[in-house]
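A.B. asks: Okay, here's the structure, questions in a sec.
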Amino acid sequence: MDSQQTPHVIRTVLVQLQCFLFGYTVSFTGATLKVMVEATGACGKSSMCPVGSLIASLAALCAAVSSVIIGPISDTYGRRTVLVFNTGIWIIGYILIAISTNPWILLIGRGLTGVAMGIASVLVPVYVAETSPPELRGRLGSLTNVFISAGILAVFAEGLIKLNWRITAAMAIIPALCSYFAFVFTRRLPETPRFLILVRGDLEAGRMAAKCLAGPDNIDHERALIDDVIGKQPSNNGKKKEQALTKGERKAIFAGIGVVTCFVMSGNNTLQAYLDYILLNSGVSDVAKGAACFAGTQFILAIFMYFFVIYNIGRRPLLIGSCIAASAALRA
Numbered sequence: 000m001d002s003q004q005t006p007h008v009i010r011t012v013l014v015q016l017q018c019f020l021f022g023y024t025v026s027f028t029g030a031t032l033k034v035m036v037e038a039t040g041a042c043g044k045s046s047m048c049p050v051g052s053l054i055a056s057l058a059a060l061c062a063a064v065s066s067v068i069i070g071p072i073s074d075t076y077g078r079r080t081v082l083v084f085n086t087g088i089w090i091i092g093y094i095l096i097a098i099s100t101n102p103w104i105l106l107i108g109r110g111l112t113g114v115a116m117g118i119a120s121v122l123v124p125v126y127v128a129e130t131s132p133p134e135l136r137g138r139l140g141s142l143t144n145v146f147i148s149a150g151i152l153a154v155f156a157e158g159l160i161k162l163n164w165r166i167t168a169a170m171a172i173i174p175a176l177c178s179y180f181a182f183v184f185t186r187r188l189p190e191t192p193r194f195l196i197l198v199r200g201d202l203e204a205g206r207m208a209a210k211c212l213a214g215p216d217n218i219d220h221e222r223a224l225i226d227d228v229i230g231k232q233p234s235n236n237g238k239k240k241e242q243a244l245t246k247g248e249r250k251a252i253f254a255g256i257g258v259v260t261c262f263v264m265s266g267n268n269t270l271q272a273y274l275d276y277i278l279l280n281s282g283v284s285d286v287a288k289g290a291a292c293f294a295g296t297q298f299i300l301a302i303f304m305y306f307f308v309i310y311n312i313g314r315r316p317l318l319i320g321s322c323i324a325a326s327a328a329l330r331a
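With numbering that gives the first Met the number 0, letter number 314 in the sequence shown gets 313, and the count goes up by one each step, no holes.
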């Protein structure tokens, strides 16, 4: 990694803290659901009930809603503004979870963290893409899955050392605060040039943002960020030209929808959310150790894919191979 790439890598790591929290939230109940249900009396004397299931699944439900509506909101207020606001949602949500004494406060906290999940799942990749020069965009964007896997591993590692579930919830506030301070008190995370130029129509502000993003004396990356946007400016009357999608663009959209649909239908999120119950009912003697091994394997695979597979094999063969492997695993 040369000195010209360093600012982009640091910025991506700071932004991806919210994807770390995404993974943390997805798997939070996988390590804590049983003790949370008991501590808050959500199911009375039963080990599981509809309220307990709602505690586990509410985050995913709220994420599905917020991810749909956040696009137009970010087009109005800006990617950076919404991501800063999202850090507050993370913090409030996990504070409520940490102090909850009844299932209703716990549900509100889980709902808020689910909303934050949906926002992060959409805007973190958008922000990274819009603030990275074209030659680094794919590699930096691929870090999303690494940070999600790291968040999953963190939760189950805390479960392995028998950390109290309230402390586990409170620990999530740390990366949220780090993300907030990075956005508000450093100059590394400005608004994206694409938003400033295409939506606000402010070319000069876009140039200043590109200069800030590229780092000192990095004229090539600064010019690349601006040139990537200039060709998509609105027409002279201030209105964006409506352009029909090309055949290739339509295929890419359908492929993206298909991949996400297959991922959701594979039940991965459900597995993460109920992992302690799944392992317990499968006869695993040490649930915490089994969950940590599962998360550790997932994290190692994410690192391996990032460094050795994606850019050597290619996206398409990897997706085809993943579909075949996932189908075989589900069949088994």
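Yeah, the Cβ is synthetic: ideal placement off N, Cα and C, and Gly gets one too.
By Cβ distance below 8 Å, which residues in the same chain neighbour residue 161 in space, the five residues on each side in sequence not counted?
C.D. replies: Within the sequence shown, numbered from 1, the residue matching residue 161 stands at position 162. Excluding sequence neighbours, residue 161 sits near 287.
A.B. asks: Compare the C-alpha of residue 165 against each of 301, 32, 18, 271 and name the closest.
C.D. replies: In the sequence shown, residue 165 corresponds to position 166, counting from 1. Residue 165 has its Cα closest to that of 32, out of 301, 32, 18, 271.
A.B. asks: Going along the chain, which residues of its own chain have a beta-carbon closer than 7 Å to the beta-carbon of residue 290, five neighbours each way excluded?
C.D. replies: Looking up residue 290 in the sequence shown gives position 291. Only 29, 30, 155, 158, 274, 275, 278 meet the Cβ criterion.
A.B. asks: Hey, could you find the ends of the alpha helix (DSSP H) residue 85 is sitting in?
C.D. replies: Here residue 85 corresponds to residue number 86 of the sequence shown, with the count starting at 1. It spans 78-98 - the alpha helix (DSSP H) in which residue 85 sits, taken as one unbroken run.
A.B. asks: Are the CB atoms of residue 325 and residue 261 within a distance shorter than 9 Å?
C.D. replies: Taking the sequence shown and counting its residues from 1, one reaches residue 261 at position 262. Taking the sequence shown and counting its residues from 1, one reaches residue 325 at position 326. The answer is yes: Cβ separation under 9 Å.
A.B. asks: So, using beta-carbon positions, are residue 147 and residue 21 closer together than 9 Å?
C.D. replies: Translated into the one-based positions of the sequence shown, residue 147 becomes position 148. Translated into the one-based positions of the sequence shown, residue 21 becomes position 22. Contact: yes.
A.B. asks: Can you name, in chain order, every residue of its own chain whose Cβ lies under 6 Å from the Cβ of residue 17, other than the five neighbours on each side?
C.D. replies: Here the question's residue 17 lines up with position 18 in the sequence shown. Hits under 6 Å: 119, 123, 178.
A.B. asks: Provide the residue span of the alpha helix (DSSP H) that contains residue 47, from first to last.
C.D. replies: Counting from one through the sequence shown, the residue named residue 47 turns up at place 48. First-last for residue 47: undefined, no H or E at that position.
A.B. asks: Given this structure, state the Cα-to-Cα distance separating residue 40 from residue 53, to the nearest angstrom.
C.D. replies: Locating residue 40 in the sequence shown gives position 41, where the first residue counts as 1. Locating residue 53 in the sequence shown gives position 54, where the first residue counts as 1. Looking at the two C-alpha atoms, the distance is approximately 14 Å.
A.B. asks: Name the residue from 142, 24, 80 whose alpha carbon lies nearest to the alpha carbon of residue 89.
C.D. replies: Here residue 89 is taken as the residue at index 90 of the sequence shown, counted from 1. Ranking 142, 24, 80 by Cα distance to residue 89 puts 24 first.
A.B. asks: Take every Cβ of the region 129-141, pair it with every Cβ of the region 186-194, and state whether three or more of those distances are shorter than 8 Å.
C.D. replies: The region 129-141 vs the region 186-194: in contact.
A.B. asks: Taking the CB atoms as reference points, tell me whether residue 117 and residue 63 lie closer together than 9 Å.
C.D. replies: Walking along the sequence shown from the start, residue 117 turns up at place 118. Walking along the sequence shown from the start, residue 63 turns up at place 64. Contact flag set, yes.
A.B. asks: Buried or exposed: which applies to residue 93, given that a residue is buried once 16 or more other Cβ atoms fall within 10 Å of its Cβ?
C.D. replies: Sequence index remark: in the sequence shown, residue 93 carries index 94 (1-based). The residue is buried, with at least 16 neighbouring Cβ atoms inside 10 Å.
A.B. asks: Note down, in chain order, each residue of its chain lying with its Cβ closer than 6 Å to the Cβ of residue 257, except the 5 sequence neighbours on either side.
C.D. replies: Reading the sequence shown from its first residue, position 258 is the one you call residue 257. So no residue of the chain qualifies.
A.B. asks: May I ask you to report which of helix, strand or coil DSSP gives residue 15?
C.D. replies: Against the sequence shown, residue 15 aligns to sequence position 16. Coil at residue 15, not helix or strand.
A.B. asks: Pull up the distance between the alpha-carbon of residue 329 and that of residue 149, whole angstroms please.
C.D. replies: Within the sequence shown, the letter at position 330 stands for residue 329. Within the sequence shown, the letter at position 150 stands for residue 149. If I take the Cα positions, the gap works out to 24 Å.
A.B. asks: CB residue 8 to CB residue 212, shorter than 9 Å?
C.D. replies: Walking along the sequence shown from the start, residue 8 turns up at place 9. Walking along the sequence shown from the start, residue 212 turns up at place 213. Their beta carbons are not under 9 Å apart, which means residue 8 does not touch residue 212 by this criterion.
A.B. asks: Once the 5 residues before and after residue 85 are set aside, which same chain residues still bring their CB inside 6 Å of it?
C.D. replies: Against the sequence shown, residue 85 aligns to sequence position 86. Same-chain partners within the cutoff: 115, 118.
A.B. asks: Going by other Cβ atoms of all chains shown within 10 Å of its Cβ, with 16 needed for buried, is residue 126 buried or exposed?
C.D. replies: Translated into positions along the sequence shown, residue 126 becomes position 127. Residue 126 comes out buried.
A.B. asks: DSSP three-state label for residue 281, please.
C.D. replies: Taking the sequence shown and counting its residues from 1, the one referred to as residue 281 is at position 282. Three-state result, residue 281: coil.
A.B. asks: Excluding the 5 residues preceding and the 5 following residue 202 in the sequence, name in chain order all residues of the same chain whose CB lies nearer than 7 Å to its CB.
C.D. replies: Sequence index remark: in the sequence shown, residue 202 carries index 203 (1-based). Closer than 7 Å at Cβ, skipping near neighbours: 196.
A.B. asks: In angstroms with no decimal places, state the Cα-to-Cα distance between residue 309 and residue 317.
C.D. replies: Within the sequence shown, the letter at position 310 stands for residue 309. Within the sequence shown, the letter at position 318 stands for residue 317. Looking at the two C-alpha atoms, the distance is approximately 7 Å.
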